[in-house]
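Read through the structure below, which is laid out as structure tokens, and then see the notes.
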Amino acid sequence: MSKYTRIVGTGSCLPPRRVSNHDMTTLLAARGLDTSDEWIVSRSGISARHFADDGVLSSDLGATAARHAIDMAGLKPDDIDLIIVATSTPDFLGGFPSTACVVQRKLGITNDCAALDVQAVCSGFVYAMSVADNFIRCGMHKRVLVIGAEVFSRILDFNDRTTCVLFGDGAGAVVLAASDEPGVLATRLHADGRHADILCVPGAVQGGAIAGSAFLYMDGQAVFKLAVSVLEKVANEVLQIAGMEASQIDWLIPHQANIRIMQGTAKKLGLPMEKMVVTVDQHGNTSAASIPLALDVAMRDGRIKAGQHIMLEAVGGGFTWGAVLARI
Ligand code: UT7
């Protein structure tokens with residue numbers, strides 16, 4: 006049985022259609038709503054996001070990101086023995102069948118490997134990493150594909166300016182492999198269902214139709230307050246488990262929801278902004294995809310180097326939150 010889980014490949018995929026704040030301002034103006042680049046940047050740090058064209062699904066973005074990660078790992082799709090997809094925008098209603106099964110088909114994997122979706126909204130990737138790490142360390146799987154993939158534009162209400170300017174589409178992926186070298190050093194997950202209502206898609210399927218709203222609802226200020234307090238705590242928890250200090254973190258890769266939350270967490274951990282990977286300005290909030298997207302950007306531009314320590318941390322609907330501390 007291997008002692009550790011290592012990240013051996015990363016990949017990402019953004020749909021080509023880039024939508025700037027100026028584009029959003031024009032789109033909302035056509036609906037009689039007022040917004041501005043100044044408001045969006047100052048409140049969230051977002052300048053642009055990408056939207057998938059009609060017909061492009063989470064599995065399409067996820068499969069492309071996965072191919073890049075599998076290539077970087079020097080593997081073939083059939084070497085993968087477990088696929089986990091974190092998504093809140095699955096291909097099929099209710100995630101039935103799972104987006105992971107669709108990704109398996111799109112990658113041409115025919116080795117009967119297990120495939121499952123994980124639902125923890127914006128914390129989904131961190132949750133999926135922890136699930137994969139535990140499967141690997143218990144010896145059940147050896148090469149796991151973990152994907153965060155979203156087409157959040159499908160659940161945005163473009164008549165609600167408080168939410169539609171914040172989110173985007175995309176996917177990121179990692180290949181995790183069993184190893185005797187560290188690796189993932191610690192993971193920690195939490196949830197508090199008492200706050201389920203502050204960030205949700207409140208509709209349900211009834212009699213073959215949607216009862217209620219199929220659009221994302223968010224009480225931004227309530228989410229903001231909870232996020233700031235739990236992120237620092239969970240980051241310190243994984244540091245403690247690994248016996249490390251915050252000063253030993255080379256790269257903080259937080260969920261990319263709002264630059265002010267990200268700055269607040271870095272400050273509380275005593276980390277300078279230069280140690281944080283920021284993509285929220287160009288990607289917006291891509292929910293479960295935001296961390297693996299940011300990780301892949303910083304791996305491929307050479308910022309993250311072998312032997313360095315990375316901290317991934319996220320907060321999202323549920324309410325869920327978690328962190329992963331790993332050595333590259
Ligand atoms: O991914 C899961 C985690 N999600 C998050 O972390 C999101 C957490 N929350 C946030 O990031 C912030 O709360 C927001 C970015 C959503 C909002 O920022 P805020 O500083 O909390 O703004 P606010 O909600 O207090 O709104 C301030 C004003 C309001 O006007 P009044 O009532 O003061 O007159 C809003 O109506 O800004 C108005 N406003 C807008 N103005 C222009 C709201 N949306 C817009 C908009 N353009 N798009």
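According to this note's numbering, the stretch in the sequence shown is residues 6 to 333, in order.
Cβ atoms here follow ideal geometry from the backbone N, Cα and C, with glycine treated the same way.
For cysteine 127 and glycine 322, believed in contact at Cβ under 8 Å, the rounded distance: 7 Å
Should the region 307-314 be regarded as contacting the region 132-142, the criterion being three or more beta carbon pairs within less than 8 Å? no
For alanine 178, count the other beta carbons within 10 Å of its own beta carbon; 16 or more makes it buried, fewer makes it exposed. Which is it? buried
Residues bridged to proline 297 [DSSP beta-bridge criterion]: Paired residue(s): none; proline 297 is not in a bridge.
Is serine 158 near the ligand UT7, judged by its Cβ being under 6 Å from some heavy atom? no
Quick one: measure Cβ to Cβ for threonine 104 and valine 90, integer angstroms, because I've assumed they're closer than 8 Å. 5 Å
Do serine 64 and serine 184 have their beta-carbon atoms positioned less than 7 Å apart in this structure? no
Histidine 27: buried (16+ other C-beta within 10 angstroms of its C-beta) or exposed? exposed
State the CB to CB distance for the pair leucine 181 and arginine 22, rounded to an integer number of angstroms; the pair is presumed to be in contact (CB under 8 Å). With 8 Å as the limit, leucine 181 and arginine 22 do not qualify as a contact, their Cβ atoms being about 31 Å apart.
To test your reading of the DSSP string, which unbroken alpha helix (DSSP H) runs of 4 or more residues are found completely within the region 108-158? 129-142
Are the region 39-54 and the region 203-221 in contact at 8 Å, needing three or more beta carbon pairs? no
If you drop the 5 nearest sequence neighbours on each side, which residues of the same chain put their C-beta closer than 8 Å to that of aspartate 86? Asn116, Cys118, Ala119, His146, Lys147, Arg148 and Val149
Is there at least one non-hydrogen atom of the ligand UT7 closer than 6 Å to the beta-carbon of phenylalanine 229? yes
Minimum C-alpha distance to serine 25 - residue among Arg36, Ser295 and His288: His288
Please state whether DSSP places aspartate 59 in a helix, a strand or coil. coil
Could you name the residues of the same chain whose beta carbon sits closer than 7 Å to that of leucine 276, not counting the 5 residues immediately before and after it, in chain order? Ala251, Ile254 and Leu257
Own chain, CB closer than 8 Å to threonine 30, minus 5 neighbours either side, in chain order: Thr40, Ser41 and Asp42
The ligand UT7 and threonine 284: does the residue's C-beta get closer than 6 Å to at least one heavy atom of that ligand? no
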